[in-house]
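My numbering applies: residue 3 is where the sequence shown begins, and numbers increase by one.
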Amino acid sequence: MAERNPEPLQKKLSDRLAFYEDLGIGLFYRDRGTAVAPGIEQGFETSGAASRSNVSPQEEPTLPKRALKPELPKVAHVVPPAAPKAISLPLPAAGPSLFEAVNKIANDTLPRVREDLGECTRCKLHKGRNKIVFGDGNPKAELVFVGEGPGADEDAQGLPFVGRAGKLLTQMIEAMGLQRKDVYICNVVKCRPPENRQPEKDEVATCSPFLLRQIDVIAPKVIVCLGSVAAQTLLETNRGISQYRGQWLEFRGRKLLATYHPAYLLRNPNAKGEVWKDLQKVMTVLGLEAKKGKSA
Ligand code: URA
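Listed below in structure tokens is the structure:
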């Protein structure tokens, strides 16, 4: 006889419930003590030091620890009718614009961008990489996530956000009522920086035109920058992410919102509530409702 709740499904459900609980949403489940798979009491395996193999961004501010979970609106109320307008904050430029000179290429496509990138040796990052991590997902996505750069797992597989931070990003996407295949995920730099250091200015400058072309081709409604490297690159600013995190900004006429990097959340689970609020803003603009737990 088939098992009613096969192990992978059971774990998936438990992870999902733990995620909602972490976000302060406890609508579906009173006592998950008996249903939680062993070893995930914290949800997302957030306890312990985050492995550096795949958890790079260190730049996000250390937020004050909160004793209480954030008060969040109930899931059923997350889609108010009107979407906010993106605003352009006067963010001081980090230097000469990386993007002004990049004109929209007529009839550009993702395969063409990938072909132009080729087996890239334009910057020194190529020396240590195994695989180029171009990007992955729906080429017509309404929502694009931009991270910093590949880590060890991504470098090995050639896919973005497949390590621990990636697992958390997947859970965030699913909590928004989407699947990874619905969105597009890419990074500022396409090759893994050695020791997971932050990409350097020249590396960002060399790789950015490809990111820009990806965004232009996909033409998403919303761009979510994960962490300060992505935000500072697209917004061309030196300002710390906490100054504009969660605010609607604009990138070449598109709505852009910066939030904390999932790797930062692995080290600072208390910030998950802030990120969930940011994602709810995105959901509002995209007309999405949070996915309800299956055990409700
Ligand atoms: N961190 C990133 O910024 N990008 C990835 O693809 C993986 C981890």
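Virtual Cβ for every residue (Gly too), placed ideally from N, Cα, C.
A232 places its beta carbon less than 8 Å from that of V190. L171 sits close to F147, with the two beta carbons spaced by under 8 Å.
No residue range can be given for K192, since it is assigned to no alpha helix (DSSP H) and is classified by DSSP as neither H nor E. With a contact defined as Cβ atoms closer than 8 Å, V185 and G139 qualify at about 5 Å. Placement of the Cβ of P201 at a distance of 7 Å or more from every heavy atom of the ligand URA is found. Within the stretch 191 to 258, the runs of alpha helix (DSSP H) at least 4 residues long that lie entirely inside it are, in chain order, 203 to 220, 230 to 237. Note on geometry: alpha-carbon atoms of T261 and G275 lie some 11 Å from one another. With a cutoff of 8 Å on beta-carbon distance, D204 and D110 are scored as not near each other. In the three-state reduction of the DSSP assignment, G179 falls in the coil class, being assigned neither a helical nor a strand state. In the DSSP annotation of this structure, the continuous segment of the alpha helix (DSSP H) that includes L112 starts and ends at 112 to 119. Under a 10 Å Cβ-count criterion, E156 is classified as buried, with 16 or more other Cβ atoms of the shown protein chains found around its own Cβ. Under the three-state reduction of DSSP output, L267 falls in the helix class.
Comparing alpha-carbon positions, the option among G255, G229, R256 lying closest to Y246 turns out to be G229.
The beta carbon of L288 sits closer than 7 Å to those of E144, L145, K223, V224, all from its chain and outside the five residues before and after it, given in chain order. Per DSSP, the continuous alpha helix (DSSP H) segment holding G275 begins and ends at 274 to 288. Taking the CA atoms as reference points, S244 sits about 21 Å from R199.
Within the model, the alpha-carbon separation for K293 versus L259 is close to 21 Å. Exclusion of the five residues before and after N132 leaves D157, A158 as the residues of its chain whose Cβ lies within less than 7 Å of its Cβ.
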